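Asker:
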Amino acid sequence: MSSRTSRSRRLPVLAALLTTVTATTLTACGGSGEEATGAAPGPSALAAAKGPVTVTLWHGVGGAAGGALQKEIDAFDKANTGKIVVKASFQGSYADAIAKYTSAIRDGGTPSVMVSNDITTGYLRDARQTVSAQAMAAANPEDLDLDQLRPAARNYYTAEGELLAVPLNTSMPLLYVNDKLLDRAGVDRSTLGTLEGVAAAARKIHAGVSGAQGIDMPLDGWWFEQLTAAAGVPYCTPDNGREGDGATALKLTSGPQRAAIGTMAKLYTDGVALDTGADGNAALSAFVAGKTAMMFNSSGAIGGLKEAGMTDYTALPYPLSCSKATAGAAIGGAAMWVDQAGHGEAERVASWKLISYLASAEAQERFAEASGYAPINTGVDNSPSWKQFLAKNEPYAVLGEQFADTPATTATSGCLTGAMSGVRAEVVPAMQQAFSGKTALDSALKTAEAAATTKIKDYREQAGK
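The end of the sequence shown is residue 502 by this note's numbering, with every number in the run present.
1. Tell me, which residues are paired with Tyr96 by DSSP?
2. Hey, how far is the Cα of Tyr272 from the Cα of Ile368?
3. Three-state secondary structure (DSSP) at Pro335?
4. Would you tell me roughly how many angstroms separate the C-alpha atoms of Asn334 and Asp442, rounded to the nearest one?
5. Quick check: what's the CA-CA separation for Lys288 versus Ala488?
6. Does the Cβ-Cβ distance between Ala352 and Val435 come in under 8 Å?
7. Asn318: which of Leu304, Lys502, Ala345 and Ala310 sits nearest, CA to CA?
8. Terminal residues of the continuous beta strand (DSSP E) containing Ile152?
9. With 16 as the cutoff for other CB atoms within 10 Å, does Pro421 come out buried or exposed?
10. Quick check on Lys390: buried or exposed, where buried means 16 or more other Cβ atoms within 10 Å of its Cβ?
11. Among the candidates Met347, Gly234, Tyr355 and Asp180, whose CA atom is the shortest distance from the CA of Phe440?
12. Can you check DSSP and say which residues form a bridge with Val203?
13. Can you give me the start and stop residues for the beta strand (DSSP E) that Pro210 sits inside?
14. Going straight from the alpha carbon of Ala65 to that of Thr207, what length do you get?
15. Taking only three categories from DSSP, how would you classify Glu498?
16. Hey, could you find the ends of the alpha helix (DSSP H) Asp442 is sitting in?
17. Which residue comes first and which comes last in the beta strand (DSSP E) that contains Ala315?
18. Can you grab the Cα-Cα spacing for the pair Lys343 / Thr228, in whole Å?
19. Here's a check: name, in chain order, each residue in its chain whose Cβ is nearer than 6 Å to the Cβ of Thr491, leaving out the five neighbours to either side.
20. Taking buried to mean at least 16 other C-beta atoms within 10 Å of its own C-beta, is Ala485 buried or exposed?
21. Rounded to the nearest angstrom, what separates Leu482 and His96 at their Cα positions?
22. Please classify Ala85 as buried or exposed, where buried requires at least 16 neighbouring CB atoms within 10 angstroms.
23. Within a Cβ cutoff of 6 Å, which residues of the same chain sit near Thr93, ignoring the five residues on either side of it in sequence?
24. Between Ala383 and the rest of its own chain, which residues show a CB-CB distance below 6 Å, the 5 nearest in sequence each way excluded?
25. Would you check if the region 252-259 and the region 454-473 touch, i.e. whether three or more CB-CB distances between them fall below 8 Å?
26. Would you report the Cα separation of Ala53 and Gln250, rounded to the nearest angstrom?
27. At which residues does the beta strand (DSSP E) containing Thr351 begin and terminate?
28. Please confirm whether Met457 and Gly159 have their CB atoms less than 8 Å apart.
29. Leaving out five residues on either side along the sequence, give the residues of the same chain with a beta carbon under 6 Å from the beta carbon of Ile298.
30. Under three-state DSSP, which class holds Val325?
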C-alpha cells in the first residue's frame, strides 16, 4: 500500500474520531490528494509569485483577544500591500474550528494557517496535513527566530525534538487570593508556594473566617493535568507522548499524582473547598463574592476580575508539589499551524511570514496587553513600554515570571495524543465523583485511568498506529 493511499484511508477516520471527541468535552482536545511530507519552501518561492499571494487563516479566538488578533492581521496586511493578502475568519469556538477543519481535510478546502487550541496538537500532528514550524524556520532564516520563543510554550508544541507549530496565545494556571480574608485568617503568603502550604492555608481560613470557604478549583480536565505537571510526573506514557508516535496510555495513579490529587480531594470531602463545578467563570464569581478566599483559575481570570471591579486580591504562581527543576505548570492556549497539502509554495512562505509577524516581540506585546495572554516572545521582556505595563499590572508580572521560570521538562510538556478530548471526557466525571465523596479516590483514579487508556488505544487503532 502506498503512503498516499494509507493516508487517504486514515484521515477520514481521524477526522471522524476527533469530531466525536471534540463535541464531547472541549473547554482551555476522504483526505486531500496531496501528501504532506514536511518539505519547506524558502523565500524564493514567494519572490517568484506573480501578483499578491492570498493567505487564509481560521481561528477560534473570540472576545477582546479576537479583536486584538484581527488588528495585528490588518497591520500585517497593510505592511505587505501588493504582496500578501490575508483573509482571516473566526470559526466560533475552538471546537467549532477544529470540527470544520477536519471536514476541510476530507473535502480539500483547508486554510493556509490553522489556529487551533492546545489539546488538538496530537491530532494535528497525526493528520500529517501541515509542515512543521521547525522546517519553515530553517528554510526561512530571515523570519522568526525560534530561539526567541519561551521554552515552556515551545515545549508544549514539540515532539521528537521538532517544533510542530508556533504558539500564538498562551495562558497558565495561577493561584488567586483574597487579601482581606487571608489577613483575617493570619495566613502567611510565603507558605503558598507549595500545594501542601495552600491546603494548610485553606483549612486555616475555613476554621477562622465565618462565611468563607478556603479554596475553589474548577473541576475540569485541565486542572488534573496541572496537578500532575506540578508534581513533576507525566500525565501519559511513555514520556507524555513526546517521543515516538505519541502516548499509549494515561497515567493517573503514580505516587506523586495520588498525593497531589488526594490533597485537593480531601479539601472537598472535608467541606473546606467550595464545589462550583467545571466552569472557571463560576469559580471566579464565587471568589468575587467572597465565598472563597483562594481560587485556582486560568490567567485569563485576571481580565474577569478586572471587569468585576475586584482589586483587593493577589495573583500568585501555581503551587508545586515537587522540585522546581522538574515540575511546573502546563500551558493552555492555541498555536499557529502552516497547512501544506493543497497549498502552493508561495502560499506557505507567505503563511510563515504572517506567523512570524504575529509571534514577533512587537506584535506579541500589543496582543498581550489587549488580550491578557502571556507574550510568547522573550524579546518583549526588554521593552520599556512592557516593563511600564507590568509595573502597573502586577498580576501580569506574576504571570510573566511564572512563564519564564517554568522548566521545559517532560512533565510540563503536557500529554500528546489525538485522543485528548476523549481522555478528559473520562477523567472529569470520575474525579467529580471522588471530590464529592461519592466514590473513593483510589477507585476513581483507577477507573479514569483505565477508561482514558481505552480511549487512547482506540484512537491509535483507528489511526493505524
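Virtual Cβ for every residue (Gly too), placed ideally from N, Cα, C. Given the structure is predicted, the values throughout are model-derived calculations rather than measurements.
Answerer: From the atom records:
1. Inspection of the sequence shows that residue 96 is occupied by His rather than by Tyr. DSSP, once it has assigned bridges, lists Phe127 as partnering His96.
2. 14 Å
3. A small fix is needed here, since residue 335 is Ser in this sequence, not Pro. Strand.
4. 19 Å
5. 11 Å
6. Taking 8 Å as the Cβ cut-off, Ala352 and Val435 qualify as a contacting pair.
7. Ala345
8. Before going further, note that residue 152 is Val rather than Ile in the sequence given. Following the DSSP letters along the chain, one finds Val152 inside the beta strand (DSSP E) bounded by residues Val150 to Asn154.
9. Result: exposed.
10. buried
11. Tyr355
12. Met373
13. Pro210 to Asn215
14. Residue confidence for Ala65 is low, a pLDDT of 30 falling below 50, so the modelled location carries little weight; the figure read from the coordinates is stated next. Each residue's alpha carbon lies about 10 Å from the other.
15. In this structure, Glu498 counts as helix in the three-state DSSP scheme.
16. Bounds of the alpha helix (DSSP H) holding Asp442 are Glu431 to Asp442.
17. That residue, Ala315, is in no beta strand (DSSP E); it is neither H nor E in DSSP.
18. 26 Å
19. none
20. buried
21. 35 Å
22. exposed
23. Lys124, Pro148 and Ser149
24. Excluding positions up to five away in sequence, the list reads Ala82, Leu83, Ala86 and Val90.
25. Touching, yes, given that three or more Cβ pairs across the two stretches are closer than 8 Å.
26. Reliability of the predicted coordinates at Ala53 is poor, the pLDDT of 48 falling under 50, and no value is obtained from them.
27. Tyr350 to Pro354
28. In contact: Met457 and Gly159 (Cβ atoms closer than 8 Å).
29. Non-local C-beta neighbours of Ile298 in its own chain, meaning closer than 6 Å and more than five positions away in sequence, comprise Leu264, ordered along the chain.
30. Residue state, collapsed to three classes: helix.
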